[in-house]
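J.: Numbering-wise, the sequence shown is residues 8 to 270 according to the numbering used here.
Using N, Cα and C, we set each Cβ at its ideal position, and we do this for glycine too.
Please read through the structure below; I'll follow up with questions.
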Amino acid sequence: MIKKYAQKIYIALIFIFMYAPIVTLIVLSFNASRTRAKWGGFTLKWYGALFANAEIMQALTNTLLIAFLSALIATLIGTVATLSINSMKRANRALFMSITNIPMLNAEIVTGISLMLLFLTLRAKFGFTTILLSHITFNIPYVILSVMPRMKQLNPSVYEAALDLGASKSQAFFRVVFPDLMPGILSGFLMAFTMSLDDFIITHFTKGPGVDTLSTKIYTEVKKGIKPEMYALSTLIFVTVLVLLLLVNHTPKPKEPKMPGRS
């Protein structure tokens, strides 16, 4: 009995340490007082001031546009890469999956510096395009990781049966294979969107002057002094990422195929 209560207390302490700072930040975003030392009443004026700030709104536009485009392009590339890797022999497939996992295990600062050096070598102009290319690069492995399990669950006989019934290869893929892959593809897109939305380190090394995302804008503003608008902005980012992660983890389960002769 004591061990059971101790486990519950231990888990509760873990969650308190993890989420107490975030809860504090959310509460402060509704505090009418500019100081953190006292509660001045409930207000939404910091959210109004946030949306009235042109620089932050531009950073928000850049963030959403980069996140959507990078997630979309990474999903297309990652899905095609998954199809190619899955068609390889087992040894080659294991090798390429190991190579794919390296960017996810690698430190972000190493990836950011490497991409920065690559763009410098290519004499690329740092700005929106370099950030977009960087986000596509580190998002592709997450898409492959999301689509591959769905690919392994597919029954290859169904695809072959569609070909035997007269469907072309493209028709068999888009009418038989693609619908079964769709939950994994959607999960990969949402994961890529979330990772791009939340990234700071890689963006910091690959952005140009005058181009900011929300993460880099917050970093710049915090160095000048923490404003209540930053509490509101951080709260909105947290809620957005939380919703996206819930959507990622709420993928529909595959339906069991009906056996012949059963209703």
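#1: Under 8 Å by Cβ, that's how I've got V154 and T86 pegged, so tell me the actual separation to the nearest angstrom.
#2: Please work out which residues of its chain come closer than 7 Å, Cβ to Cβ, to N146, disregarding the five sequence neighbours upstream and downstream, and give them in chain order.
#3: First and last residue of the alpha helix (DSSP H) that includes L79?
#4: Taking the alpha-carbon positions, what's the L32 to S241 distance?
#5: Answer yes or no: do I23 and A88 have a C-beta to C-beta separation smaller than 7 Å?
#6: Would you mind reading off the limits of the alpha helix (DSSP H) that contains A39?
#7: How far does the alpha helix (DSSP H) with P148 in it extend, from its first residue to its last?
#8: Below 8 Å, can you find three or more Cβ-Cβ pairs linking the stretch 168 to 181 to the stretch 219 to 239?
#9: For F207, does the three-state DSSP call read helix, strand or coil?
#10: Near S141, which residues of its chain fall below 6 Å by C-beta distance, leaving aside the five closest residues on each side in sequence?
T.: Checking against the coordinates, here is how it stands:
#1: Here residue 154 corresponds to residue number 147 of the sequence shown, with the count starting at 1. Here residue 86 corresponds to residue number 79 of the sequence shown, with the count starting at 1. Rounded, the Cβ-Cβ distance is 6 Å, consistent with contact.
#2: For the purposes of this step, residue 146 is identified with residue 139 of the sequence shown, where counting begins at 1. In its chain, beyond the 5 residues on either side, S77, A78, A81, A199, M202 and S203 have a beta carbon closer than 7 Å to the beta carbon of N146.
#3: Within the sequence shown, numbered from 1, the residue matching residue 79 stands at position 72. First-last of the alpha helix (DSSP H) with L79: A61 to N93.
#4: Reading the sequence shown from its first residue, position 25 is the one you call residue 32. Reading the sequence shown from its first residue, position 234 is the one you call residue 241. Spanning the two alpha carbons is a distance of roughly 8 Å.
#5: Against the sequence shown, residue 23 aligns to sequence position 16. Against the sequence shown, residue 88 aligns to sequence position 81. Going by C-beta atoms, I23 is not nearer than 7 Å to A88.
#6: Here residue 39 corresponds to residue number 32 of the sequence shown, with the count starting at 1. Premise fails: A39 is in no alpha helix (DSSP H) and is neither H nor E.
#7: The residue given as residue 148 occupies position 141 in the sequence shown. Where P148 is concerned, the enclosing alpha helix (DSSP H) stretches over F135 to Q160.
#8: Short answer: they don't touch.
#9: The residue given as residue 207 occupies position 200 in the sequence shown. Three-state DSSP puts F207 in coil, outside helix and strand.
#10: Residue mapping note: residue 141 aligns to position 134 of the sequence shown, counting from 1. L122, I209 and T213.
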